[in-house]
Amino acid sequence: DSGVTQTPKHLITATGQRVTLRCSPRSGDLSVYWYQQSLDQGLQFLIQYYNGEERAKGNILERFSAQQFPDLHSELNLSSLELGDSALYFCASSGLVGTGELFFGEGSRLTVL
Amino acid sequence: AQKVTQAQTEISVVEKEDVTLDCVYETRDTTYYLFWYKQPPSGELVFLIRRNSFDEQNEISGRYSWNFQKSTSSFNFTITASQVVDSAVYFCALPLIKAAGNKLTFGGGTRVLVKP
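Just so you know, the sequences run in chain order A and B.
In the working numbering, each residue carries its 1-based index in the first sequence increased by 122.
In the working numbering, each residue carries its 1-based index in the second sequence increased by 8.
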């Protein structure tokens, strides 16, 4: 158990809809990262937050947004969903910056029909 | 740009055989970290090892060992006497940019199937 909690574990929705994925980092970790894992793109970094502020953006679509709240949990919002957004979305947290060690949640599997 | 290549997409072995996973990376940084993660069938990503580019000594942890060769930009991973529980996808990773903190770029992964 990594200590990172993600909900929901599975989500099925239709094209055009909007969903919110939630992540609670390990106790004490200030950084939260979101990754997308799909068959064609592999594991891709989406976005990072540190103590409530956006720190870095990766390959995140404009239809997607995220935020980190004062209690350090984070939410990833996916809107105007397309079939190609079907993927496993991981949240990870880290303690020491620069060590590279990420602690991943179990992921949220999104299926867009 | 940072890049990680895992040329082997899938390896199938019989239990107790050794299996070596290749990882080749590209980076302009002179110092960097390299990582291996394991993704078992249950889906979560599990951290296995971090290696600093300063340290080229091989590392062994139980049945796992890692061979880091800076001269060839490789960081290979060997599972000795494989077991069915080793069946998973293994990812090699590198920070996206130096001082990128913990933002990692991952290779495509190698799926290891260990048959009883």
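Don't be surprised by glycine CBs; every beta carbon is placed ideally from N, CA and C.
Quick caveat, the model's predicted, so the values are computed rather than measured.
- E64 of chain B classed as buried or exposed, judged by whether at least 16 other C-beta atoms fall within 10 angstroms: Reading the second sequence from its first residue, position 56 is the one you call residue 64 of chain B. By the 10 Å Cβ count, E64 of chain B comes out exposed.
- Item | Pairwise C-alpha distance: S153 of chain A and Y172 of chain A | As a working note, residue 172 of chain A is residue 50 in the first sequence. As a working note, residue 153 of chain A is residue 31 in the first sequence. Roughly 4 Å between the two C-alpha positions.
- Collapsed DSSP secondary structure at V92 of chain B in the structure displayed: As a first step, residue 92 of chain B must be located in the second sequence, where it is residue number 84. Of the three classes helix, strand and coil, the one that applies to V92 of chain B here is helix, per DSSP.
- Message: Please tell me whether T113 of chain B has its Cβ less than 8 Å away from any Cβ of chain A.
- Response: For this step, residue 113 of chain B is matched to residue 105 along the second sequence. Cβ-Cβ to chain A under 8 Å: yes for T113 of chain B.
- Under 8 Å Cβ to Cβ from T39 of chain B, same chain only, skipping five residues before and after it: list those, please. As a working note, residue 39 of chain B is residue 31 in the second sequence. The answer, listed in chain order, is N60, S61, F62 and K106.
- Range of the contiguous beta strand (DSSP E) that encloses I182 of chain A: The residue given as residue 182 of chain A occupies position 60 in the first sequence. No beta strand (DSSP E) contains I182 of chain A, which DSSP labels as neither H nor E.
- Who are the neighbours of L53 of chain B on chain A, taking C-beta pairs under 7 Å? The residue labelled residue 53 of chain B in the question sits at position 45 within the second sequence. Per Cβ cutoff of 7 Å: F212 and F226.
- Task: With DSSP as the reference, please indicate the residues paired to R58 of chain B in a beta bridge.
- Result: Here residue 58 of chain B refers to the residue found at position 50 when the second sequence is read from its first residue. Bridge partners of R58 of chain B: B:F43.
- Item | Integer-rounded CB distance, given that W156 of chain A should sit under 8 Å from L168 of chain A | In the first sequence, counting from the first residue as 1, residue 168 of chain A sits at position 46. In the first sequence, counting from the first residue as 1, residue 156 of chain A sits at position 34. Contact flag correct, Cβ pair sits at about 4 Å.
- Task: Would you kindly report the start and end of the unbroken beta strand (DSSP E) that includes R231 of chain A?
- Result: For the purposes of this step, residue 231 of chain A is taken as the residue at position 109 of the first sequence. Looking at the DSSP string, the run of the beta strand (DSSP E) that includes R231 of chain A is S230 to V234.
- Message: I'd like to check one pair, L203 of chain A with L133 of chain A: are the Cβ atoms closer than 8 Å?
- Response: Along the first sequence, read from residue 1 onward, the residue named residue 133 of chain A stands at position 11. Along the first sequence, read from residue 1 onward, the residue named residue 203 of chain A stands at position 81. No, Cβ-Cβ distance for L133 of chain A and L203 of chain A is not below 8 Å.
- Item | 8 Å contact criterion, which N199 of chain A and R140 of chain A should meet: CB distance rounded | Counted from its first residue, the first sequence places residue 199 of chain A at position 77. Counted from its first residue, the first sequence places residue 140 of chain A at position 18. Right, the Cβ-Cβ distance comes to about 7 Å (below 8 Å), so this counts as a contact.
- Message: Counting C-beta neighbours from all protein chains within 10 Å, is the total for E228 of chain A 16 or more, i.e. buried, or is it exposed?
- Response: Within the first sequence, numbered from 1, the residue matching residue 228 of chain A stands at position 106. Classification of E228 of chain A: buried, given that the 10 Å Cβ count is 16 or more.
- At a Cβ threshold of 8 Å, is F99 of chain B touching chain A? Position 91 of the second sequence, counted from the first residue, corresponds to residue 99 of chain B. Chain A, which has a Cβ nearer than 8 Å to the Cβ of F99 of chain B, makes this yes.
- Task: Output, in sequence order along the chain, the residues in the segment 58 to 78 of chain B whose CB is closer than 9 Å to any CB in chain A.
- Result: R58
- Task: To the nearest angstrom, report how far apart F225 of chain A and F55 of chain B are at their CA atoms.
- Result: The count along the first sequence starts at 1 and reaches residue 225 of chain A at position 103. The count along the second sequence starts at 1 and reaches residue 55 of chain B at position 47. Approximately 7 Å, taken between the alpha carbons.
- Message: Can you look up G164 of chain A in the DSSP assignment and give me helix, strand or coil?
- Response: Stepping through the first sequence from its first residue, residue 164 of chain A is reached at position 42. G164 of chain A falls in the strand class under three-state DSSP.
- Any chain B beta carbon closer than 8 Å to F167 of chain A: Here the question's residue 167 of chain A lines up with position 45 in the first sequence. Output row for F167 of chain A: interface = yes.
- Query: Whose Cβ in chain B lies nearer than 9 Å to the Cβ of S124 of chain A?
  - Reply: Taking the first sequence and counting its residues from 1, the one referred to as residue 124 of chain A is at position 2. Correct list: E52, L53, V54 and F55.
- Would DSSP call L194 of chain A helix, strand or coil? As a first step, residue 194 of chain A must be located in the first sequence, where it is residue number 72. Looking at L194 of chain A - three-state DSSP - the assignment turns out to be coil, as it is neither helix nor strand.
- Query: At a CB-CB cut-off below 8 Å, which residues of chain B make contact with G150 of chain A?
  - Reply: Residue 150 of chain A sits at position 28 when you count from the first residue of the first sequence. Per Cβ cutoff of 8 Å: no residues; G150 of chain A is ~15 Å from chain B at best.
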